[in-house]
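Here is the structure we will look at.
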Amino acid sequence: GKDRRAGMRRTLIKQLFEHERIQTTKTRALAIRGDAERLITLARNSAKGSDIEKVNARRLAAARLGDTDLVKKLFDDIAPRYANRNGGYTRISKLGLRQGDSAEMVLLELVE
9 GKDRRAGMRR
19 TLIKQLFEHE
29 RIQTTKTRAL
39 AIRGDAERLI
49 TLARNSAKGS
59 DIEKVNARRL
69 AAARLGDTDL
79 VKKLFDDIAP
89 RYANRNGGYT
99 RISKLGLRQG
109 DSAEMVLLEL
119 VE
């Protein structure tokens with residue numbers, strides 16, 4: 009149901025931030041891409057915020073990700089790369105069909 013799907017989405021987003029690229033189905037990639045981009049934007053914009061805004065942004069990201077180490081990576085490592093880029097932090101490349109059920113597979117990765 010809904011909770012399981014939400015958990016799966018969170019897991020995929022965590023894997024994307026951890027490994028900076030994941031192979032998944034096109035459907036799943038499209039489902040999490042927006043959330044991942046919003047988290048990067050949140051982290052990116054907090055750099056210009058006040059101390060309280062910075063803390064709140066990290067708290068919000070931690071609530072979404074449930075992982076403090078990953079929040080640190082997102083804010084200190086990933087987001088600063090995109091200081092001069094408004095959105096479009098991810099790229100989806102087609103990998104062909106998955107054997108077994110012919111689901112369309114893609115590579116979802118953080119752009120350089």
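Quick note: the sequence shown uses our numbering, first residue 9, plus one each step.
Beta carbons: idealized from backbone N, C-alpha and C, even for Gly.
No experiment lies behind these values; they were computed from the predicted model shown.
Residue i, buried or exposed, once every other Cβ within 10 Å from all chains shown has been counted against 16
i: residue 119; result: exposed
i: residue 20; result: buried
i: residue 76; result: exposed
i: residue 80; result: exposed
i: residue 102; result: exposed
i: residue 32; result: buried
i: residue 52; result: buried
Residues near residue i by beta carbon distance below 7 angstroms, same chain, minus five either side
i: residue 39; result: 17
i: residue 97; result: 45, 48, 90, 118 and 119
i: residue 25; result: 78, 81, 82 and 86
i: residue 22; result: 73, 75 and 78
Per DSSP, the bridge partner or partners of residue i
i: residue 102; result: 114
Close-in-space but distant-in-sequence residues of the same chain around residue i (CB under 6 angstroms, 5 per side omitted)
i: residue 62; result: 54
i: residue 67; result: none
Start and end residues, beta strand (DSSP E) containing residue i
i: residue 31; result: 29-33
Contacts around residue i, its chain only, beta-carbon distance under 8 angstroms, and the 5 residues preceding and following it disregarded
i: residue 29; result: 115, 116, 117 and 118
The alpha helix (DSSP H) enclosing residue i, as first and last residue numbers
i: residue 77; result: 76-81
i: residue 62; result: 59-73
Rounded distance between the beta-carbons of residue j and residue i, thought under 8 angstroms
i: residue 65; j: residue 50; result: 5 angstroms
i: residue 14; j: residue 100; result: Wrong, their Cβ atoms sit about 21 angstroms apart, outside the cutoff.
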